[in-house]
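Whatever position you read off the sequence shown (first residue = 1), add 1326 for my numbering. The structure appears right after this line, and notes come after that.
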Amino acid sequence: MENCYKCGRQADYICPDCHTKMCSSHAEKRYAGPNRGFRSRYMCPSCWKKKHKVLNENMVDAKTYQPKKYFYANR
1327 MENCYKCGRQ
1337 ADYICPDCHT
1347 KMCSSHAEKR
1357 YAGPNRGFRS
1367 RYMCPSCWKK
1377 KHKVLNENMV
1387 DAKTYQPKKY
1397 FYANR
């Protein structure tokens, strides 16, 4: 289970560029109006501060994310 970088709740998105884990309440809003059917309503807050836009349609879903597991064998 991945946690939000700011509040510690369960994360919804993981940014593929900076690997920031965030819930939807701490993601940067792309569009503040009513839901008009856009695929992306949120952006990564860390990348947004660096003037780089990463939308949530390009992010990894944190609820289904499985980190890589490495197994080392003793020889």
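Note that beta-carbon positions come from the ideal geometry of N, C-alpha and C, so glycine has one too.
inquiry  = By the three-class DSSP mapping on this structure, what secondary structure does Lys-1375 have?
reply    = In the sequence shown, counting from the first residue as 1, residue 1375 sits at position 49. Three-state DSSP puts Lys-1375 in a helix.
message = Can you look up Glu-1354 in the DSSP assignment and give me helix, strand or coil?
response = Position 28 of the sequence shown, counting from 1, holds the residue named residue 1354. Glu-1354: strand per DSSP, three-state reduction.
inquiry  = Give me the residue from Lys-1332, Cys-1341, Arg-1335 with the minimum Cα distance to Met-1369.
reply    = Taking the first residue of the sequence shown as 1, we reach residue 1369 at position 43. Selected option, being the one with the closest Cα: Cys-1341.
query = What's the C-alpha gap between Asn-1333 and Ser-1351?
reply = Here the question's residue 1333 lines up with position 7 in the sequence shown. Here the question's residue 1351 lines up with position 25 in the sequence shown. Note that residue 1333 is Cys in the sequence shown here, rather than Asn. When rounded, the distance between both Cα atoms is 10 Å.
query = Tell me which same chain residues have a C-beta within less than 6 Å of the C-beta of Ala-1382, skipping the five on either side of it?
reply = The residue you call residue 1382 lines up with position 56 of the sequence shown. The sequence given here places Asn at residue 1382; Ala does not occur at that position. If we look at Asn-1382 and ignore the five residues flanking it on each side, its Cβ neighbours are Tyr-1339, Ser-1366, Tyr-1368.
ask   = In three-state terms, what does DSSP make of Tyr-1368?
value = Start at 1 with the first residue of the sequence shown, and residue 1368 comes out as number 42. It is a strand residue.
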